[in-house]
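**Student:**
2 protein chains.
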Amino acid sequence: MSGHDPLTASRRLDILLKHLNNEEDTNNNSKEWRTLSPSQCLTVCTNRDRKWNGYGYKDTFFKFDERGTAFSTGNRYPNFSSKEFHELRPWLEQTLRINLKTVCPAQPSIIELASPNVNHEFYDAIKPQGIMISFAEQDRLSHGHGISTAEIYKLRHGNFARIPDAVIWPETHEQVVAVVQAALKFNVGCIPYGSGSNDVDALECPEEIEKRMIISLDLRQMNRILSLSKENMYVIVEAGTVAQDLEKELRKWGFTLGWDAEMLEFCTVGGIASLRSDDIKRNMSGDLEHSVINFKMVTPAGTIQRNYINTSPISSGPNFQILFGTEGTLGVITELTLKIHFFASQHLYVPIYFPSFHNGLLFLREIAQKKIIKFSGARLVDEPGLQLVHAFNTTTPTVRSIFSEVIKKYYLKKMKKLEAGKMCLAAILIDGDDIVKLKVCEKKIGEIGKKYGGVIAGSDLGERMYFVSKRLPYLRDFLLDYYAISDRLDATASWTNVEVLVERVKETITNTCKAQNIRPRPYIGVRIDHIYDIGASITFTYGFNCRNLGDPLSVLKLIEQVALIEILRSNGSVTHNTSGIGKRKKETFRESLSEPVVKVLKSIKKTLDPTNIFCNQNLM
Amino acid sequence: MSGHDPLTASRRLDILLKHLNNEEDTNNNSKEWRTLSPSQCLTVCTNRDRKWNGYGYKDTFFKFDERGTAFSTGNRYPNFSSKEFHELRPWLEQTLRINLKTVCPAQPSIIELASPNVNHEFYDAIKPQGIMISFAEQDRLSHGHGISTAEIYKLRHGNFARIPDAVIWPETHEQVVAVVQAALKFNVGCIPYGSGSNDVDALECPEEIEKRMIISLDLRQMNRILSLSKENMYVIVEAGTVAQDLEKELRKWGFTLGWDAEMLEFCTVGGIASLRSDDIKRNMSGDLEHSVINFKMVTPAGTIQRNYINTSPISSGPNFQILFGTEGTLGVITELTLKIHFFASQHLYVPIYFPSFHNGLLFLREIAQKKIIKFSGARLVDEPGLQLVHAFNTTTPTVRSIFSEVIKKYYLKKMKKLEAGKMCLAAILIDGDDIVKLKVCEKKIGEIGKKYGGVIAGSDLGERMYFVSKRLPYLRDFLLDYYAISDRLDATASWTNVEVLVERVKETITNTCKAQNIRPRPYIGVRIDHIYDIGASITFTYGFNCRNLGDPLSVLKLIEQVALIEILRSNGSVTHNTSGIGKRKKETFRESLSEPVVKVLKSIKKTLDPTNIFCNQNLM
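Just so you know, the protein sequences line up as chains A and B, in that order. Take 1 as the starting number for the first sequence in full-length UniProt numbering and just add one per residue. Take 1 as the starting number for the second sequence in full-length UniProt numbering and just add one per residue.
1) Can you tell me which of the three DSSP states residue 469 of chain B falls into?
2) So residue 600 of chain B contacts chain A; which residues on that side make the cut at Cβ distance below 7 Å?
3) Taking C-beta pairs closer than 7 Å, name the residues in chain A that residue 693 of chain B reaches, listed in chain order.
4) Who are residue 482 of chain A's beta bridge partners in DSSP?
5) Provide the residue span of the alpha helix (DSSP H) that contains residue 441 of chain B, from first to last.
6) According to DSSP, simplified to helix, strand and coil, what is residue 571 of chain A?
7) Counting pairs of Cβ atoms below 8 Å between the region 512-528 of chain B and the region 536-551 of chain B, do you hit three or more?
8) Starting from residue 232 of chain B, find everything on chain A with Cβ-Cβ shorter than 7 Å and list it in chain order.
9) Since residue 91 of chain B is in the alpha helix (DSSP H), which residue starts that stretch and which ends it?
10) Taking only beta-carbon positions, decide if residue 30 of chain A is within less than 8 Å of chain B.
11) Can you confirm whether the region 184-191 of chain B touches the region 603-616 of chain B when touching is taken to mean that 3 or more C-beta pairs between the two stretches lie within less than 8 Å?
12) Quick one: is residue 611 of chain A near chain B, going by C-beta distance under 8 Å?
13) Whole-angstrom Cβ separation of residue 527 of chain B and residue 381 of chain B, contact assumed at under 8 Å?
14) Could you say which of A:336, A:123, A:476 and A:430 lies nearest to residue 222 of chain A if we only look at CA atoms?
15) Could you compute how far the alpha carbon of residue 169 of chain A sits from the alpha carbon of residue 132 of chain A?
16) Taking only the alpha-carbon atoms, compute the straight-line gap between residue 49 of chain B and residue 145 of chain B and give it to the nearest angstrom.
17) What number of angstroms, rounded off, separates the C-alpha of residue 231 of chain A from the C-alpha of residue 534 of chain B?
18) Does residue 339 of chain A get closer than 8 Å to chain B when you measure Cβ to Cβ?
19) Pick out the complete beta strand (DSSP E) segments inside the region 533-608 of chain A, 3 residues or longer, and give them in chain order.
20) I need the DSSP call for residue 57 of chain A, collapsed to helix, strand or coil.
21) Just the Cα atoms here: how many angstroms apart are residue 600 of chain A and residue 385 of chain B?
22) Quick one: is residue 33 of chain A near chain B, going by C-beta distance under 8 Å?
23) Please list the terminal residues of the continuous alpha helix (DSSP H) segment that includes residue 124 of chain B.
24) Per DSSP, residue 487 of chain A is paired with what?
25) On a Cα-Cα basis, can you pick out the residue from A:421, A:176 and A:152 that is closest to residue 130 of chain A?
26) Alpha carbons only, please: which of A:499, A:99 and A:394 is nearest the one belonging to residue 71 of chain A?
27) Whose C-beta lies closer than 8 Å to the C-beta of residue 60 of chain A among residues of the same chain, with five residues either side of it excluded?
28) Pick out whichever of A:331, A:274 and A:275 has its Cα sitting closest to the Cα of residue 298 of chain A.
29) Buried or exposed for residue 610 of chain B, going by 16 or more other Cβ atoms inside 10 Å?
30) In three-state DSSP terms, what is residue 618 of chain A?
31) Is residue 293 of chain B close to chain A, meaning its C-beta is less than 8 Å from at least one C-beta of that chain?
32) Using a Cβ-Cβ cut-off of less than 8 Å, list which residues of the region 120-148 of chain B approach chain A; keep chain order.
33) If the cut is a Cβ gap below 8 Å, which residues of chain B does residue 305 of chain A touch?
34) Name the chain B residues that come within less than 8 Å of residue 369 of chain A, Cβ to Cβ?
35) Hey, would you say residue 242 of chain B sits closer than 8 Å to residue 274 of chain B, going by beta carbons?
36) Which whole-angstrom value describes the C-beta separation of residue 568 of chain A and residue 591 of chain A, a residue pair presumed to lie in contact below a C-beta threshold of 8 Å?
Spelled out as structure tokens, the structure:
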């Protein structure tokens with residue numbers, strides 16, 4: 001099926017060479033030396049242990065106990081599961097005006113799902129090949145959405161106009177080729193599925209226009225590690241491997257992907273590559289493209305792969321990385337060769353308070369540009385963002401309040417110019433094997449911080465800053481029970497543009513809420529997640545009480561649209577951390593492209609997928 | 001002419017926003033703060049001071065004096081210009097069997113150049129706009145080739161089937177758009193010209209098939225620095241700016257491009273981007289794509305540029321970097337936003353001898369992967385490569401020979417297992433502002449070297465290793481005078497593949513020479529130029545005496561073809577250091593692509609340049 005497989009190409013070269021040389025060639029297709037092949041099949045991951053109408057695991061959620069104290073269930077997450085959060089309720093009552101007595105329960109199930117539209121010729125073609133397929137409602141529904149607030153809200157209170165007609169779990173690259181070729185032959189639409197953890201509506205099915213059967217292609221049965229080369233520091237994996245599972249395996253060998261993110265928990269490596277999720281990256285690994293050495297992508301026009309050049313550094317001709325970030329609109333990634341790094345045994349978070357957001361930014365800029373210390377992560381939250389971090393505090397109230405008083409006095413004494421609402425907290429993450437060296441590094445970071453009025457926050461705050469963002473989706477779903485709706489958006493900006501962009505976007509969100517008669521004013525927290533020489537990424541987390549709104553989703557959509565436009569108008573890039581463009585951001589993304597580039601994208605689509613088998617309509 | 005200019009897009013957003021908000025917008029298109037705009041016009045660079053039939057400047061060449069000692073003329077290069085090279089002649093006599101009495105003089109000029117094919121409608125369209133144009137033979141010839149051995153040989157002893165019919169020097173982006181649109185309207189072919197310093201035959205005109213007038217578009221009048229942002233660490237320049245000129249300007253402000261290469265001397269930044277020349281990169285700057293934040297490219301279908309997102313870090317949607325490395329086949333780059341770095345004032349080369357190539361590689365791999373020290377460059381030469389470095393020695397013979405004896409004894413004593421022909425020399429380049437820290441770093445490098453039997457070569461050898469490769473083209477041209485022809489090829493390979501690839505390519509070159517009755521066996525030197533976590537780049541420099549060959553160029557071509565195929569068969573990538581694919585490597589490059597990718601490239605070409613205005617036929 002692949003138009004140009006390596007063996008044929010190899011034979012062609014041999015013939016060419018014989019012709020040139022008049023010699024017998026050795027035909028020695030030497031493979032890499034000393035390559036390990038663990039070929040370990042990882043634990044198969046399905047959606048059965050995940051909530052049908054919310055983010056994450058069924059056993060993990062927030063609840064108020066009889067005294068009104070928020071606590072979390074389950075035992076999956078250290079520092080989080082089965083903990084009490086004493087400051088959460090008061091803070092939520094104040095900022096989002098939630099009321100424990102005013103609840104907004106989700107529907108127990110979606111009443112009516114359309115029955116599947118089955119293309120029997122297609123089914124007859126793939127059935128004999130032993131490819132797993134399901135038409136069950138629960139499978140179809142769970143594959144028809146991601147975890148955006150809008151999608152979860154629809155699951156709780158509404159319905160989807162269309163969901164996939166069947167879910168298919170291929171087990172090999174060849175099965176994927178067979179499915180795609182059958183889809184091509186019998187005119188079936190196909191939406192690749194990694195883990196369903198995107199929050200940009202990337203998996204929602206096209207509605208009226210799409211009359212064909214739509215299949216969801218769940219790659220998660222393809223989760224084998226095919227090869228691990230310690231010498232060349234790469235791993236070859238099937239694309240359906242969940243990043244976290246792979247990471248666990250790699251650590252056994254002393255390696256790491258160098259990635260980290262809230263999404264890592266569920267994401268498959270293929271999903272990460274196809275959505276170009278920079279959320280996962282750390283300063284160690286660089287941009288996602290730098291992590292990917294090689295790949296295979298099945299398209300209706302054949303399989304895209306590098307011949308010969310399996311794992312050499314590439315630096316010739318056009319850069320085919322255009323295929324990353326195409327979000328399953330052109331084909332399915334089935335295999336990836338990923339760069340690996342040595343795993344460092346020690347991690348140190350260095351949290352520093354700054355008297356203003358401005359000073360915090362100057363500090364981060366110096367860390368990014370001067371390269372005095374080698375860091376793995378850098379974050380910053382503004383004062384509302386810091387309140388959110390504090391709300392996740394799990395220390396008992398007595399200890400906490402005493403401690404808090406001490407801290408307050410201490411910092412206020414040090415930060416004479418502190419204005420209310422202006423404080424921020426930065427935290428640098430450093431990795432290494434030698435704790436003594438990390439301590440030296442910590443000291444240097446403290447010295448840089450001091451130049452901008454920073455004071456080291458000698459506590460667990462740094463680590464909490466990092467883990468809080470990973471657990472926020474659980475809080476978001478919990479809040480929906482109390483008429484508080486929340487969402488997030490992200491952007492990047494040049495260093496000198498960050499403050500303007502932040503102020504303008506905050507103002508835009510606030511003004512839009514005001515115009516929609518939302519009271520009290522929305523909560524808006526700002527976080528810097530990644531820093532670069534040239535700028536930083538910014539995440540806005542916002543929420544408001546929606547009890548008096550007829551249609552909270554349309555208000556949420558309006559806020560998102562005006563905020564995205566404001567980001568573009570402030571010379572920002574419209575996405576960074578979240579998983580791609582999807583349908584959520586495609587209009588604004590389109591605005592950032594020049595006309596010839598739009599034409600190029602359309603021509604690539606036409607070349608690789610002329611009949612629009614990959615019909616998910618993301619991006620454009 | 002651009003189908004989608006930023007202002008129109010901005011207006012569209014404004015309208016959209018007003019519609020959403022029912023509000024007056026501020027229409028505040030805020031630009032970046034505090035951006036410097038030196039707008040300095042750099043010295044205009046033409047070809048008049050360069051050789052018409054050789055590499056580099058007219059005033060710089062090798063010569064033998066009356067005693068037969070090789071020396072170099074001119075005063076451009078420290079450590080090179082007007083120096084004597086006492087060991088060069090004996091070495092050349094031994095390895096390439098040159099004979100001072102057997103010379104092969106170049107023709108004084110090319111007798112017959114075809115007169116220009118002028119499209120008068122096109123000329124009439126651009127003339128009134130005041131765009132500089134020349135039909136002079138000398139301009140046309142100098143723009144019809146690069147600096148490959150084959151091209152220089154043709155200039156010395158043959159002719160070109162076709163050269164451009166005119167040379168045009170646009171001065172602004174708008175003039176480029178005007179020229180491209182006129183070419184589109186009146187059916188004229190166009191080949192963008194940066195500096196003519198590629199060695200992959202990228203500038204040779206298509207012959208019989210191309211009946212249209214062909215213009216060479218020399219960008220070097222577009223050499224203004226448009227903006228320099230110290231805060232965001234970028235510089236915006238016109239694409240015709242010569243990288244070295246830009247580097248000099250940047251250093252005045254304390255910055256650097258972080259690039260280095262033999263080509264930097266003449267290359268324009270646009271040429272570097274369009275050929276994706278990784279030659280220029282250092283470990284500081286990373287791959288070329290990471291240096292380029294933004295760009296403008298004029299295509300027949302319109303101007304490609306990012307709207308709004310001028311300088312923010314980008315991490316959304318497909319990666320348009322596919323347009324880098326397209327080698328002027330789709331359009332002309334007119335403007336680039338480049339990342340800049342702080343310039344370090346101190347540089348230290350740490351050269352280390354190893355008893356074998358294998359051990360040298362293990363050392364480099366550890367330097368690349370363990371990241372114990374931060375380095376800017378890493379090189380290695382095998383023993384023949386080391387001989388070449390030694391041949392560039394400029395110390396007087398007495399001092400040299402005494403010194404050499406001392407060194408020899410010292411190292412032989414230390415390296416007990418040393419086999420003849422197996423030694424290699426590695427050199428790590430480290431940068432910084434604090435010489436004490438660099439010395440600490442040097443010590444660490446020495447310790448890593450020691451693990452692999454390395455001995456620090458306490459001399460100027462490290463620096464010489466770096467500069468020798470920059471002056472090799474002058475030596476290559478000089479050797480042509482004495483019937484010695486030489487060339488180079490490069491590749492990349494995984495770490496564990498480097499040795500196999502090197503052995504196989506050397507064997508292939510040697511066997512091919514043998515089959516062609518070339519005596520003595522060819523000189524082949526191997527150099528590692530860049531190192532990565534996953535592998536390294538390899539440059540083969542080879543030469544032989546061609547006095548008895550009827551057609552040295554066809555033999556050279558044969559060697560190149562079999563070597564390139566061997567590189568592919570050894571799982572290497574067919575190019576790295578040289579400037580791109582061009583016409584020289586397009587067949588083998590094609591072999592490294594899968595069929596759907598070839599289709600994608602063709603569809604992009606068809607979309608952006610349907611009438612093949614950019615007719616240079618590079619890449620494919």
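We put the CB at the ideal spot given by N, CA and C, even for glycine.
**Tutor:** Let me spell this out:
1) DSSP, reduced to helix, strand and coil, places residue 469 of chain B within a helical segment of the structure shown.
2) 604, 607 and 608
3) The shown model of chain B, from 1 to 620, leaves out residue 693 of chain B, and the question about it has no answer.
4) Per DSSP, none; premise fails for residue 482 of chain A.
5) Per DSSP, residue 441 of chain B belongs to the alpha helix (DSSP H) from 435-451.
6) coil
7) yes
8) 494, 495, 496, 534 and 535
9) Where residue 91 of chain B is concerned, the enclosing alpha helix (DSSP H) stretches over 88-96.
10) Any reading at residue 30 of chain A needs caution, since the residue's pLDDT is 29, under 50, leaving its predicted position unreliable; the model's value is listed next. Interface residue, yes.
11) yes
12) no
13) 5 Å
14) A:336
15) 5 Å
16) 16 Å
17) 8 Å
18) yes
19) 535-545
20) Looking at residue 57 of chain A - three-state DSSP - the assignment turns out to be strand.
21) 45 Å
22) With a pLDDT of 24 at residue 33 of chain A, under the threshold of 50, the predicted position of this residue should be treated as unreliable, and no value is reported.
23) 120-126
24) Residue 487 of chain A is bridged to A:542.
25) A:176
26) A:394
27) In its chain, beyond the 5 residues on either side, 72, 73, 74, 76, 77, 81 and 474 have a beta carbon closer than 8 Å to the beta carbon of residue 60 of chain A.
28) A:331
29) exposed
30) coil
31) yes
32) none
33) Near residue 305 of chain A (Cβ distances below 8 Å), the residues of chain B are 594.
34) 233 and 342
35) Between residue 242 of chain B and residue 274 of chain B, the CB-CB gap reaches or exceeds 8 Å.
36) 6 Å
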